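Take a look at the structure below.
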Amino acid sequence: MATLAYRADKSLAKKSTLTHQYIAFGLMAAFFLIAPSFIYPVFLMKALCFALFACAFNLLIGYVGLLSFGHAAFLGSAGYVSAHTAKVWGFPPELAILTGTALAAALGLIIGALAIRRQGIYFAMITLALAQMIFFFALQAPFTGGEDGIQRVPRGTMFGVLDLTNDMVLYYVVLAIFLFGFLLIYRTIHSPFGQILKAIRENEPRAVSLGYNTDHYKLLAFVLSATLSGLAGATKAIVFQLASLTDVNWTMSGEVVLMTLLGGLGTVFGPVVGAFTIITMENYLAQFGAWVTVIQGVIFVFVVLAFRRGIVGELARFLKKPL
Amino acid sequence: MFELLGIPPQALFGQLLIGLINGAFYALLSLGLAIIFGLLNIINFTHGAQYMMGAFVAWMLLNYLGIGYWPALVIAPLLVGLTGVIIERTMLKHLYKLDHLYGLLLTFGLALIIEGVFRNYYGSSGQPYQIPPELTGGHNLGFMFLPNYRGWVVIASLIVCLATWFVIERTKLGSYLRAATENPTLVQAFGINVPRMITLTYGFGVALAALAGVMAAPIYQVSPQMGSSLIIVVFAVVVIGGMGSIMGSILTGFGLGVVEGLTKVFYPEASATVIFVIMALVLLVKPAGLFGRTA
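Residue numbers (the working numbering), protein chains in the order written: chain R, 113 to 435; chain U, 138 to 432.
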């Protein structure tokens with residue numbers, strides 16, 4: 113794990129007064145609170161779900177140094193379970209989301225336990241292959257609806273009082289879920305547990321020699337990341353009333369890598385910025401069909417060759433403060 | 138006609154043959170991946186797209202220039218290999234000092250670009266490519282019908298694989314390559330141009346993928362997506378075999394193709410996932426892979 117971009121910014125981490133991160137968080141929260149008055153709420157909800165997904169993914173790549181290329185499996189399968197329980201079993205939305213998230217956690221435990229047996233590039237290939245297995249399962253299983261997916265999922269009434277068919281009510285529910293996930297990740301990376309994760313990222317053998325059971329920590333981080341990805345996927349299924357193969361496909365795993373990379377690996381706010389940038393871009397470019405893939409590829413190549421710190425990483429370097 | 142475990146022999150051997158053909162492609166592709174990884178320390182995510190390019194170049198040669206299968210078998214890998222050389226010279230070489238993951242991400246981006254461009258011009262549906270006239274028809278072997286072209290694919294890829302193995306493990310050139318894999322700085326100190334060797338190695342690995350693509354063109358349809366699903370399976374093959382040994386890659390590739398073919402006969406529902414399941418089992422029992430060295 114010698115030279116991922118954030119290593120270069122190690123000096124920043126030492127000046128760790130976190131005040132400016134609180135300010136940045138305050139600005140972000142304030143923006144999201146008033147945003148639906150001038151941006152279409154359904155678009156915002158989509159971006160928030162992907163922002164949570166990217167933050168969860170970033171927990172692994174940015175703070176443990178593990179590149180998972182199979183995170184779509186958690187997003188997608190939680191979406192299926194959430195959609196199925198809400199539509200067929202008549203679960204209220206909060207319970208449907210919880211069930212989907214729980215499934216993602218269980219799946220994360222299994223996939224994580226297998227994948228952490230290898231490091232680096234092998235880890236990426238194993239997560240990709242296992243996620244592809246989940247994709248084929250979703251393609252063949254009777255309850256997922258194959259190519260059609262699960263459509264017309266009822267949004268329902270949350271806790272018996274919040275009518276989610278109203279876009280504005282739903283928006284603030286999604287915002288609350290996003291902020292919960294974001295703060296949980298923030299808390300995790302600034303906790304002693306998070307410090308050990310970073311130690312593993314920097315030098316795993318040394319962490320082992322200090323007596324840490326690194327597999328334990330890696331697995332726990334993986335499960336947490338999978339769970340929050342599942343939370344994002346389960347919420348997304350309720351918002352769009354749809355669970356489909358797109359969300360379990362390997363291209364989705366690539367997309368979350370792109371969001372995080374563009375925003376800034378190992379930065380707190382990077383994945384949110386990256387997710388909003390990519391979702392906005394896709395929104396405007398949707399009419400160009402296959403060119404969207406090409407543009408995504410070009411961004412990948414450009415960021416890897418010349419912009420490895422990402423948007424927020426460069427900003428943090430400019431302000432000389434970790435963001 | 139006799140029956141084996143309630144399965145008619147035509148079905149059994151037919152699927153075995155398809156398994157061998159898939160296995161041939163797995164072997165060619167994982168061999169290329171292993172050679173590239175050995176020297177460049179990069180997992181070439183573009184490999185699937187380059188396999189697809191091989192098939193497409195063959196198709197274009199035939200449809201635009203009227204150049205047939207046999208010349209294409211040489212021209213397409215050369216052309217695609219050349220694009221590989223350009224990619225290595227202009228992009229990959231800047232990444233060697235960085236974490237290996239960046240190589241994976243860059244080649245992933247390239248794969249998206251290549252596939253996107255082809256999909257934009259040729260759509261998602263496949264283009265047919267005729268079997269060369271010399272290899273149409275087939276032989277009745279008594280227990281099964283063997284189409285000539287399919288037999289040719291299995292034998293040709295086996296020969297290419299073994300030749301690659303021979304060059305790397307038994308010749309002077311191969312010994313340089315193996316030495317550079319172990320310690321590039323020292324090999325360079327002995328006066329060998331390691332950067333050029335790295336470039337040519339990448340080009341060769343890519344050409345192998347393109348060759349597999351040309352051979353696949355008459356069997357599967359030539360479509361922009363033909364590489365992306367294959368490459369994920371090949372990654373699993375690479376994890377199962379481990380990238381430590383050339384012969385290991387070849388054996389694992391063919392072996393898993395056969396296992397997949399047999400699964401199609403006995404439990405078709407699992408045929409798409411059987412390789413991933415085997416990968417999970419191998420990770421539990423021998424995480425370094427069947428032929429891998431613990432790194």
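For every residue, glycine included, the Cβ atom is placed at its ideal position computed from N, Cα and C. Since we're looking at a predicted model, the values are computed, not measured.
Paired residues, beta bridge with residue i - DSSP
| i | result |
| --- | --- |
| R/Met270 | R/Leu274 |
| U/Pro284 | U/Gly275 |
| U/Val359 | U/Gln264 |
| R/Ala355 | R/Ile262 |
Of the residues the options, the one placed nearest residue i, counting alpha carbons only
| i | options | result |
| --- | --- | --- |
| U/Arg226 | U/Met384, U/Gly340, U/Val374, U/Pro361 | U/Gly340 |
| R/Pro204 | R/Ser303, R/Ile246, R/Ala338, R/Asp275 | R/Asp275 |
| U/Cys298 | U/Met363, U/Gln362, U/Ile251, U/Thr389 | U/Thr389 |
| R/Leu354 | R/Tyr234, R/Leu322, R/His196 | R/His196 |
| U/Tyr272 | U/Ile292, U/Tyr266, U/Tyr286 | Correcting the residue type first, residue 272 of chain U is Leu in the shown sequence and not Tyr. The shortest C-alpha separation from U/Leu272 is found at U/Tyr286. |
| U/His231 | R/Ala428, R/Phe414, R/Lys433 | R/Phe414 |
| R/Phe144 | R/Glu316, R/Ala311, R/Val286 | R/Val286 |
| U/Phe413 | U/Ser382, U/Gly378, U/Leu235 | U/Gly378 |
| R/Asn278 | R/Phe150, R/Phe352, R/Ser194, R/Val360 | R/Phe352 |
| U/Ile383 | U/Arg333, U/Ser167, U/Pro284 | U/Ser167 |
| R/Phe305 | R/Ala218, R/Val176, R/Pro254, R/Gly272 | R/Val176 |
| R/Ala387 | R/Gly138, R/Gly224, R/Thr405, R/Glu367 | R/Glu367 |
| U/Leu310 | U/Val290, U/Ile292, U/Arg333 | U/Arg333 |
| U/Pro146 | U/Phe327, U/Asn277, U/His237, U/Met363 | U/Asn277 |
| R/Asn361 | R/Ala141, R/Arg264, R/Tyr192 | R/Tyr192 |
| R/Gly232 | R/Gln399, R/Leu427, R/Val265, R/Leu179 | R/Leu179 |
| R/Gly182 | R/Ala159, R/Gln263, R/Gln244 | R/Gln244 |
| U/Phe182 | U/Leu238, U/Ala248, U/Tyr259 | U/Ala248 |
| R/Val273 | R/Glu206, R/Leu221, R/Ser303, R/Gly293 | R/Glu206 |
| R/Ala241 | U/Val411, U/Ser294, U/Ser386, U/Phe372 | U/Phe372 |
| U/Met281 | U/Ala407, U/Ile144, U/Leu345, U/Ser312 | U/Ile144 |
| U/Glu252 | U/Val376, U/Leu420, U/Ala326, U/Met363 | U/Met363 |
| U/Asn257 | R/Phe137, R/Thr239, R/Gln399, R/Phe271 | R/Gln399 |
| U/Pro355 | U/Leu242, U/Met189, U/Gly342, U/His237 | U/Met189 |
| R/Pro148 | R/Val281, R/Gln133, R/Ala428 | R/Val281 |
Under 9 Å by beta carbon: chain C residues contacting residue i
| i | result |
| --- | --- |
| R/Gly378 | The chain inventory of the structure shown lacks chain C, comprising the protein chains R and U. |
For residue j and residue i, believed in contact at Cβ under 8 Å, the rounded distance
| i | j | result |
| --- | --- | --- |
| U/Phe193 | U/Val370 | Not confirmed; about 20 Å, so no contact. |
| U/Ile172 | U/Thr338 | 6 Å |
| R/Ala216 | R/Gly342 | 2 Å |
| R/Asn170 | R/Gly382 | 7 Å |
| U/Pro269 | U/Trp196 | At roughly 13 Å, the Cβ-Cβ gap does not stay under 8 Å, so U/Pro269 and U/Trp196 are not in contact. |
| U/Leu198 | U/Ala209 | 5 Å |
| U/Ala344 | U/Val217 | 6 Å |
| R/Phe334 | R/Leu370 | Wrong, their Cβ atoms sit about 20 Å apart, outside the cutoff. |
| R/Gly188 | R/Met364 | 7 Å |
| R/Ala344 | R/Leu226 | In fact, because the Cβ distance is near 23 Å, the residues do not count as touching under 8 Å. |
| U/Met380 | U/Phe162 | Going by Cβ atoms, the distance from U/Met380 to U/Phe162 rounds to 17 Å, so no, they are not a contact pair. |
| U/Leu242 | R/Leu373 | 7 Å |
Closer than 7 Å: residue i CB and nearest the ligand GTP heavy atom
| i | result |
| --- | --- |
| R/Trp362 | Absence of the ligand GTP is noted for the structure shown, with no ligands found whatsoever. |
What residues from the segment 311–326 of chain R come within 8 Å of chain U, judged by C-beta to C-beta, listed N to C? none
Mind listing which residues of the segment 408–428 of chain U have their C-beta closer than 9 Å to chain R's C-betas, in chain order? Ala409, Thr410, Ile412, Phe413, Val414, Met416, Ala417, Leu420, Leu421, Pro424, Ala425, Gly426
Residues, ordered as in the chain, of the segment 222–235 of chain U that lie near chain R by beta-carbon distance below 8 Å: Met228, His231, Leu232, Lys234, Leu235
Identify each residue in the segment 353–386 of chain R for which the Cβ-Cβ distance to at least one residue of chain U is less than 9 Å, and report them in chain order. Trp362, Thr363, Gly366, Val369, Leu370, Leu373
Contact set between the segment 407–419 of chain R and chain U, restricted to residues whose Cβ is under 7 Å from the partner: Gln408, Gly409, Val410, Phe412, Val413, Val416, Leu417
Taking the runs of the alpha helix (DSSP H) that are 4 residues or longer, which of them lie wholly in the segment 313–353 of chain U? If we require 4 residues or more, the alpha helix (DSSP H) runs fully inside the segment 313–353 of chain U come out as 321–326, 331–353.
Going along the chain, which residues of the segment 390–406 of chain R sit with their C-beta nearer than 8 Å to a C-beta in chain U? Gly401, Ala402, Trp403, Val404, Thr405, Val406
Check each residue of the segment 154–187 of chain R: if its Cβ is closer than 9 Å to any Cβ of chain U, include it; give the result in chain order. Ile173, Gly177, Leu179, Phe181
Members of the segment 263–294 of chain U near chain R, C-beta cut-off 8 Å: With the criterion set as a beta carbon lying under 8 Å from some beta carbon of chain R, the segment 263–294 of chain U has no members that meet it.
Determine which residues of the segment 225–241 of chain R have a Cβ less than 7 Å from any Cβ of chain U, and write them out in chain order. Leu226, Arg229, Arg230, Gly232, Ile233, Tyr234, Ala236, Met237, Ile238, Leu240, Ala241
Return the residues of the segment 250–264 of chain U that lie within a Cβ-Cβ distance of less than 7 Å from chain R, sorted by chain order. Ile250, Glu252, Gly253, Val254, Arg256, Asn257
If you measure beta-carbon to beta-carbon, which residues of the segment 362–380 of chain U are closer than 7 Å to chain R? Ile369, Phe372, Ala373, Val375, Val376
Contiguous alpha helix (DSSP H) assignments of at least 4 residues, all confined to the segment 361–432 of chain U: 365–378, 383–403, 411–422
Pull out every residue of the segment 248–260 of chain R whose Cβ sits closer than 9 Å to any Cβ of chain U, in chain order. Phe248, Phe249, Leu251, Gln252
For the segment 185–213 of chain U, which segments carrying the alpha helix (DSSP H) assignment without a break, of at least 4 residues, lie completely within its bounds, in sequence order? Within the segment 185–213 of chain U, no complete alpha helix (DSSP H) run reaches 4 residues.
Starting from the N-terminal side, write out each stretch of the alpha helix (DSSP H) that is 4 residues or longer and does not extend beyond the segment 318–400 of chain R. 326–352, 362–375, 382–397
Using a Cβ-Cβ cut-off of less than 7 Å, give me the residues of the segment 262–292 of chain R that come near chain U, in sequence order. none
Would you list, in chain order, the members of the segment 156–186 of chain U that have their beta-carbon closer than 7 Å to a beta-carbon of chain R? Taking a C-beta cut-off of 7 Å against chain R, the contacting residues of the segment 156–186 of chain U are Ile180, listed in chain order.
Give, in chain order, every residue of the segment 386–408 of chain U whose Cβ lies closer than 8 Å to some Cβ of chain R. Glu406
Write down every uninterrupted run of the alpha helix (DSSP H) in the segment 177–261 of chain R whose length is 4 residues or greater and which is fully enclosed by it, in chain order. You should have 184–199, 205–227, 232–252.
Residues, ordered as in the chain, of the segment 316–345 of chain U that lie near chain R by beta-carbon distance below 7 Å: none
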